Structures are given as C-alpha cells and as structure tokens.
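Under the UniProt record's numbering, residue 252 is the last one in the sequence shown; the count climbs by one each step, no gaps.
C-beta: ideal position from N, C-alpha, C; glycine also.
Nothing here was measured: the structure is a model prediction, and the numbers come from that model.
These notes are about the structure you will find just below.
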Amino acid sequence: MVKKVYAIKEGYDFEKNEKVQNIIVNTWGECLKRVKGVKGATYKSFKDTNSALEYLKGEDKILKKSEGNYPKDCLHVYVDGSYNISTEMYSYALVAVKGNVVYYIESDSHSCEEGKNIRQISGELKAAVRGVQYALSKGEKKVVLFHDYEGTCKHALGLWERKEASSIKYYEEMSELMKNIEVIFVKVDSHTGDLFNELADEKCKEKLQIESKKSVQKWLMNNEIKTANDEVKNEILKIASKGEKNIKVIDI
Numbered sequence: 001m002v003k004k005v006y007a008i009k010e011g012y013d014f015e016k017n018e019k020v021q022n023i024i025v026n027t028w029g030e031c032l033k034r035v036k037g038v039k040g041a042t043y044k045s046f047k048d049t050n051s052a053l054e055y056l057k058g059e060d061k062i063l064k065k066s067e068g069n070y071p072k073d074c075l076h077v078y079v080d081g082s083y084n085i086s087t088e089m090y091s092y093a094l095v096a097v098k099g100n101v102v103y104y105i106e107s108d109s110h111s112c113e114e115g116k117n118i119r120q121i122s123g124e125l126k127a128a129v130r131g132v133q134y135a136l137s138k139g140e141k142k143v144v145l146f147h148d149y150e151g152t153c154k155h156a157l158g159l160w161e162r163k164e165a166s167s168i169k170y171y172e173e174m175s176e177l178m179k180n181i182e183v184i185f186v187k188v189d190s191h192t193g194d195l196f197n198e199l200a201d202e203k204c205k206e207k208l209q210i211e212s213k214k215s216v217q218k219w220l221m222n223n224e225i226k227t228a229n230d231e232v233k234n235e236i237l238k239i240a241s242k243g244e245k246n247i248k249v250i251d252i
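Here's what the structure looks like:
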C-alpha cells in the first residue's frame, strides 16, 4: 500500500488553540484532528511530498515586483541580509517606505551561530521579522514585504522544510506575528537597480564593512529620495555621502 501524505491549506490545531495553514502531515490521523469539525477546512491527500507542496503553493505563489500586482496603498518594507566570510558575521537591514517616502531604516550585525552553510539567510529572516514588527508597532493592518530570498516567503508560510534553528524560529515568529497583520510577500530580483532594495543591500554591507557598488549614491546624483525625518536621512548619508543635496526631509 502506497503511503500517503496530507496537505492542509486551512485547518485548526485544537491542542494549541490556533489556526493551521499550509502544512503537510504524514498520517490521516494527524490530518483528521486538524480538519474534523473545522468550518472551511481545506485539505487533500497525495502520494508524494512534492505534489503536496505544489498543491499548497497553488494560490500562494510569490508575487513579483516586476509584475506590479501587489498593494500600493500600504506600508512597504524591503528586507535583505548579508554575510562576511572572513569574520563569520551576518547582517540584516530593512527599509520601510510609504507613499514613496522612506520612514524608517534599521540595520545590525551579529555572529553566525549556525555555521557558514546558511550565510546571509539568517539576516534575511531576521530582517523580515523586524520589518513586520515595525509595521505592527505603527498600527499597520497590512504590509508588503519585498525580499530577494525565496525562503523569506516559503519558510514563513511553512511551504519549505525547516532544518536549521533559524528557519524554525522564523516560522514560529512569523506565524505569531501574522495573526495580527496581513503580510503580502513580493519577490524583487537582487542587484537589478531597484532603489529601495539596493538601499537595504548597502546598509547590510555597511554593517559588515563590505565594499558596495555605491548604487544608491550613483542614483542620487540625478534623482531625489524623500525621507520622513533627519534620522533616516543620516542613515542614507552613511552609505551615500555625496548625495546629500538630493535627500529631502519632508513634513509628514
């Protein structure tokens, strides 16, 4: 008899008293206790895990910024991570934008406790968590999270197997945060000239003392960036000192 796996799009964990979304379980018993008596429960059995994952991904495919099919009327947060091979440190950065105005920038670096194999992934995931926490702190009900690492979305939604401690912790933290805010994941291709993504990338590199291509400074030679306050302006100046005249602080 072929062993089946069960993909649950919508269910409920009565032991933990919490909603269940996009998970795969190995037995009918495990599935049944999460879907029996649950209004709107959605699930399906498969002969292999890959087919189950494809089913779960169905309506949850990552949006792409290049396609433009994401909300424009809410907070946008760009996240990135980096890694310094020589120091074995990782960094993260987030850039919060609303109405084309940069409201907040945060970046930091830490030692990598899980080894070299995950490199900047720890930073990518840390930035995403901090980005959603920032959105919640500002009373936002919805946030668009722009990322270039696919796992930022897939780990948060439980669509990828979680092997490292960082991805396990990330899934748990994001699951809790997403109970209180709608998070829309949008993939942006790295190093393609997207201003706010480049800004997040260069803030990561700054924390690790890694030389960047100065893309933000080059952009500022002929274009303006609007910021919500002097603190944000100063964060940009740290990586683009020659672009001061085109960094505008506006009254919010």
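query: Kindly indicate which three-state DSSP category Gly11 falls into: helix, strand or coil?; result: strand
query: DSSP three-state call for Thr152: helix, strand or coil?; result: helix
query: For the candidate residues Leu177, Ser107, Glu173, Glu164, whose alpha-carbon lies nearest to that of Gly139?; result: Leu177
query: Quick check on Phe146: buried or exposed, where buried means 16 or more other Cβ atoms within 10 Å of its Cβ?; result: buried
query: Would you check whether the ligand PLP has a heavy atom nearer than 7 angstroms to the C-beta of Tyr55?; result: Among the ligands in the structure shown, none appear at all, so the ligand PLP cannot be discussed.
query: Specify the secondary structure class of Gly123 as computed by DSSP and reduced to three states.; result: helix
query: Got a sec? Which residues, its chain only, sit under 8 angstroms from Gly115 by beta carbon, not counting five neighbours each side?; result: Note on Gly115: pLDDT 49, under 50, position unreliable in the model; no value is reported.
query: Is Gly243 near Gln217, with beta carbons less than 8 angstroms apart?; result: yes
query: Taking just the CA atoms, how far does Ala7 sit from Ser45?; result: 6 angstroms
query: What are the start and end residues of the beta strand (DSSP E) that includes Lys226?; result: 225-227
query: I'd like to check one pair, Tyr43 with Lys19: are the Cβ atoms closer than 8 angstroms?; result: no
query: Considering only the alpha carbon of each residue, which of Arg34, Tyr149, Tyr104, Asp148 lies closest to Ser130?; result: According to the sequence displayed, residue 130 carries Arg and not Ser. The candidate whose alpha carbon is nearest that of Arg130 is Tyr104.
query: Under 8 angstroms by Cβ, that's how I've got residue 257 and Val186 pegged, so tell me the actual separation to the nearest angstrom.; result: Residue 257 lies beyond the range of the chain shown here (1 to 252); nothing can be said about it.
query: Between which two residues does the beta strand (DSSP E) containing Ala240 stretch?; result: No beta strand (DSSP E) contains Ala240, which DSSP labels as neither H nor E.
query: So, Gly123 versus Gly68, is the Cβ gap smaller than 8 angstroms?; result: no
query: Among the residues of its own chain, which have a CB less than 6 angstroms from the CB of Glu235, if the five just before and after it don't count?; result: Ile105
query: Can you look up Leu159 in the DSSP assignment and give me helix, strand or coil?; result: coil
query: Look at the Cβ atom of Lys233, then the Cβ atom of Ile247, and state whether they are nearer than 8 angstroms.; result: yes
query: Measuring only the C-alpha atoms, how far is Lys179 from Tyr171?; result: 13 angstroms
query: At 3 residues or longer, what runs of the beta strand (DSSP E) sit wholly inside the segment 29-64?; result: 42-46
query: Is it true that the segment 15-30 meets the segment 162-169, where meeting means three or more beta-carbon pairs spaced less than 8 angstroms apart?; result: no
query: Output the boundary residues of the alpha helix (DSSP H) element that contains Met174.; result: 165-177
query: Looking at the structure shown, is Tyr90 part of a helix, part of a strand, or coil, going by DSSP?; result: strand
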